[in-house]
């Protein structure tokens, strides 16, 4: 069978001459997936990093060290800043450029038309860029993925196969945690083989949550092909002008404090006074306050001041927010959904306050204080006043 | 002619607010018991459209794809934005669509509106689906310049230029506010932190006037509502619903309980003596800090 789709393309993000960590994490995961793929299918498909920008030759070389087999780069002054329209067009051009696709692996050069798979970062840039690029390429996209598996899938599907049993070989299973953090949904991007509306949907694409996958250690002995792509730049696609960029200092700091106290839905019995209690505890420990993802979605209208201070995305600890390695992490009223655990598991000492001993957080803490926060926190504060006096550290 | 036409795409979503939301014992959403409402991000997009109504006397239209009960979301969004035109795209053929199949319906619908749009707004993401893809995908299909994560905007109606501030957050970097300029038409997806501000007396008077009007209109929202099925909309049926959706949900499973990373010592929270021991351990954990 002629295979028109080959290789795994990873769209790289960088700022000020440095990779965003997620770029190298994606390359690392791509490498692991394709190593398994090539040995399973006795094939020779490649991890291809795609990078756009200006003066990026040096960055391109480093991508090989981090695990890419090939790099396709577009270097142009118009690509210096990320602008959705022109970036979408150029990435679309690269994904359909049979010349560079052929150069990547000559063995497949005659038939290859597009990448088989494509990865983007699930961040302010990649989320939108993946969306528009996949309209340009008329294929499917899953967002916010944290696990990937490649399998041959046998299925009959009313729409996709017209009810007939079919095997979809080399299918990317894209796992995404849902908003609750308790469910995992597997998304597949499949060609329509139903004769009524046959259509190919490739590349199979996803955006990947930053911080989930491990990057590889750079290896300067790795070799790979570096291919320059000269984009066609249409003036029509350069309408957006960037006037200025201003760096915002966040009011919430999860990097320097030694202690973080986070709260979740467990505040619900009396949100306002529970948050006050948590504030008092934080004051005693000079701690920063974090929240779980559902808290940032304004499920409770507490008071305008508390809502806008705490129920905000900036305070979320977890895959859709921050990752912390605090020395002391206190989780109160937090059930321990996977996506939250990811953000706190690297902490030093973890204390959980929860009335429910079955809550998953129990497996992620060193001390599980069984009880309601209304009862436990006042006792804790009293005891901390006796034992701990924090001196402001600069 | 310097009039401004604004459309908003919105979504009816589960109401996650306390008292309306219901969870299954395993922590997942109980959809049958949970009420529906205009999605919170959709509401913010409607506020952004209303800003255009107040500041530029824009005409606002709203579109949604969903079941017949999604007219509730249109009414709520009308009350926020003072919209004169409400579109509901409702057909069993649209059901089960992923973001690409949804964006196609919205694209056709927006192009079918009375006026040619200058700005289309969408929310940041839906609070149930959470992909955040439908906005940018609709933008690309419309051929509009896409501006994401917008926290404020203004329009020069004479030169037909929009200026917007965008909030960009990237892993490991401080947040960035980027100010951009682009000619109309544009598609704007609104950041959750978007706020409209009305600074002058005349702006605030206009705000009051249109607010009042919005409430009147939404009391009779059915007069402004048009419902389209696939045929009336004139969509290509292979590009919408399941046939137009590259992706499928293959399986949904509970996230397996990860192997315990820590062995917790369980403490009775009502026992002050035990709490005292916990604090001692906390103190040890913080011992690298300066503690006296």
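Residue numbers (my numbering), protein chains in the order written: chain X, 214 to 607; chain R, 50 to 341. Even glycine gets a Cβ: it sits at the ideal position worked out from N, Cα and C.
Separation of residue 446/X and residue 492/X (C-alpha to C-alpha, rounded to the nearest whole angstrom) is 54 angstroms. Taken through DSSP and simplified to helix, strand or coil, residue 214/X comes out as coil. Distance from the Cα of residue 533/X is smallest, within the candidate group 394/X, 365/X, 363/X, 435/X, for 394/X. Separation of the CB atoms of residue 556/X and residue 541/X is rounded to 15 angstroms, and the pair is thereby denied contact status at 8 angstroms. For residue 593/X, the closest Cβ of chain R is nearer than 8 angstroms.
Going by beta carbons, residue 273/R and residue 135/R fall inside the 8 angstroms limit. Under the 8 angstroms criterion on CB atoms, residue 414/X is classed as interfacial with respect to chain R. By the C-beta density criterion, residue 318/X is buried, having at least 16 other C-beta atoms within 10 angstroms.
Counting only the Cα atoms, residue 357/X lies some 17 angstroms from residue 217/R.
Contact of residue 306/X with chain R is not assigned, every C-beta pair being separated by 8 angstroms or more. Counting along the chain, the unbroken beta strand (DSSP E) around residue 367/X starts and ends at 360-369.
If only complete runs of 4 or more residues are kept, the stretch 320-403 of chain X shows the alpha helix (DSSP H) at 339-349, in order along the chain. Beta-bridge pairing by DSSP links residue 210/R to 205/R, 232/R. DSSP assignment within the stretch 220-256 of chain X yields the following whole alpha helix (DSSP H) runs of 4 residues or more, N-terminal first: 234-253. For residue 287/X, the enclosing beta strand (DSSP E) begins and ends at 283-288.
Counting the other CB atoms within 10 Å of its CB gives residue 81/R a total below 16, which places it among the exposed residues. The stretch 477-564 of chain X contains, as complete beta strand (DSSP E) runs of 3+ residues, the segments 501-504, 541-545 (chain order). Look at residue 581/X: its C-beta is under 8 angstroms from a C-beta on chain R.
The alpha carbon of residue 204/R has as its nearest neighbour, out of 89/R, 101/R, 331/R, 197/R, the alpha carbon of 101/R. Taking 8 angstroms as the cut-off, the Cβ atoms of residue 55/R and residue 167/R count as close. Per DSSP, the unbroken alpha helix (DSSP H) holding residue 96/R starts and ends at 89-105. For residue 410/X, the C-beta contacts it makes with chain R under 7 angstroms involve 287, 292, in order along the chain. Legend: CB atoms of the stretch 421-446 of chain X lying less than 7 angstroms from CB atoms of chain R belong to residues 423, 424. Under the three-state reduction of DSSP output, residue 303/X falls in the helix class. Assigned with DSSP and collapsed to three states, residue 183/R falls in helix.
Under the criterion of beta carbons closer than 8 angstroms, residue 284/X and residue 276/X qualify as touching, at roughly 5 angstroms. Assigned with DSSP and collapsed to three states, residue 309/X falls in coil, not helix or strand. When Cβ-Cβ separations below 8 angstroms define contact, residue 354/X makes contact with chain R. Put simply, the CB of residue 252/X is far from chain R, with every gap to its CB atoms at 8 angstroms or more. With respect to the C-alpha of residue 595/X, the residue from 497/X, 214/X, 546/X, 410/X having the closest C-alpha is 497/X. Using a Cβ-Cβ cut-off of 8 angstroms, residue 172/R does not count as an interface residue toward chain X, since no Cβ of chain X sits closer than that to its own.
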